[in-house]
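The block underneath contains the structure these notes are about, expressed in structure tokens.
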Amino acid sequence: MPEPVPARNGAGAAAQQAAELVELGAGQFRLQGPLDLSTMPELARQGQRLFKRLRRDSTSQPQHLEIDLGGVERSSSAAIALLLDWVAQAQHAGLGLSFAHWPDALRRIALFSNVDGLLGIETDQHG
């Protein structure tokens, strides 16, 4: 199983916090850490590598992916843009993609931005 490449913010070494997309197995992933502007570039690269690999190895890969968001510590609207990009990349690769365990703050941003339907958020979902 490939190890995640942490996304680091621009702070000093002692204060750096990582965000990462961790592969748990057969189409299961966990997104953890802060999701803000400082972690987006590396997370976007991780996603690009993942979807490129899944397109290349499509015969041996699952047809549906699930990303657990329960490990997200902080989020901003940049996180919504990242998740929407991953939805588009999954569609381009011919894969289904869903997100589980939405943190309340991230769900509220998606609802306020009116992209809850694109991200598969049910309005009565509580976790």
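Residues in the sequence shown are numbered consecutively from 1, following UniProt numbering.
Cβ atoms here follow ideal geometry from the backbone N, Cα and C, with glycine treated the same way.
Proximity of alanine 90 and leucine 65 at Cβ, strictly below 8 Å: A contact, by the Cβ cut-off of 8 Å.
Under 8 Å between C-beta atoms of leucine 82 and leucine 43: yes
Nearest neighbour of glycine 33, chosen from Arg74, Leu84, Leu54, Ala93 [CA to CA]: Arg74
Continuous beta strand (DSSP E) assignments of at least 3 residues falling wholly in the UniProt domain "STAS" (29 to 109): List check, beta strand (DSSP E) in window: 64 to 75, 96 to 100.
For leucine 118, three-class secondary structure by DSSP: coil
One or two residues paired with leucine 21 in a DSSP bridge: Note: leucine 21 is bridge-paired with Leu31 in the DSSP secondary-structure output.
Whole-angstrom distance between glycine 94 and leucine 35, CA atom to CA atom: Cα-Cα distance, rounded: 26 Å.
Contact set for alanine 26: own chain, Cβ-Cβ below 7 Å, skip 5 residues either direction: Pro62
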